[in-house]
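**Student:** Residue numbering for the sequence shown follows the working numbering, beginning at 594 and increasing consecutively.
Positions of the beta carbon are idealized from the N, C-alpha and C atoms, including for glycine.
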Amino acid sequence: MELAKGNVKLNGLNENEVRWVVDDVRKFVSREIKRGRKYDAFILDPPEFGRGTGKEIWKLEEHLGKLLEDLMILCDGNPLFVFLTCYSDGFSPSLSERILRSYISSKDFFTKFELKIPESPGNIFSSNGACAIFISNKLSLHQINLGD
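1. With DSSP collapsed to three states, give me the class of L637.
2. Please go through the region 639 to 715 and give each complete alpha helix (DSSP H) segment of 4 or more residues, from N-terminal end onward.
3. Mind checking which residues open and close the alpha helix (DSSP H) that includes L606?
4. For K620, report the span of its alpha helix (DSSP H) as first-last.
5. What does the alpha-carbon distance come out to for the pair Y680 and I636?
6. Starting from the Cα of A723, find the closest Cα among T678, L596, A634 and give me that residue.
7. Pull up the distance between the alpha-carbon of F703 and that of Y696, whole angstroms please.
8. Would you mind stating whether V622 and D663 have Cβ atoms separated by less than 7 Å?
9. Thinking C-beta only, is F676 closer than 7 Å to I726?
10. Just tell me which of I692, G645, M665, E608 has its CA closest to the CA of K620.
11. Flag this pair as yes or no: are the beta carbons of V601 and V614 separated by less than 7 Å?
Structure (structure tokens):
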């Protein structure tokens, strides 16, 4: 959370305008649906495996689909963007994009790429995960640079 708060400051944003939530995502999303709240966009960086405070178990392969289904309720099926990272051997960039496409009915902009980390100072990189992004045409984007 401290890294996120530091990024807000680095980007010249007001920390008081950001809603900081530390909670089990499935419980939080369920409560937000019951409250009738709406959201415009989602940034997802789920773990491959995790345990909640009540010993709930999260498994990426088993629970990501239901989470995306519930998130689409929170945005009436029309998100402005969805950013999904997956750090699991079972999730390639192509699979991550296909998963997003299966929950987002819009055919606007989708892209995917590998997440890489340097292994040595000689710029040798190894794949560390996958990223898939959906961006609605409702957003005004002048340039999208996702790197190499």
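**Tutor:** In short:
1. Under the three-state reduction of DSSP output, L637 falls in the strand class.
2. DSSP runs (the alpha helix (DSSP H)) wholly in the region 639 to 715: 653 to 667, 686 to 696.
3. Per DSSP, L606 lies in no alpha helix (DSSP H) and is assigned neither H nor E.
4. DSSP places K620 inside the alpha helix (DSSP H), whose first and last residues are 618 to 628.
5. Per the coordinates, the alpha-carbon of Y680 lies some 14 Å from the alpha-carbon of I636.
6. Check the Cα spacing between A723 and each of T678, L596, A634: the tightest is with T678.
7. Looking at the two C-alpha atoms, the distance is approximately 12 Å.
8. Against a cut-off of 7 Å, the Cβ pair of D663 and V622 comes out as a contact.
9. In this structure, F676 lies closer than 7 Å to I726 by Cβ.
10. Among I692, G645, M665, E608, the Cα nearest to that of K620 is on G645.
11. It is not a contact, given that the beta carbons lie outside the stated cut-off.
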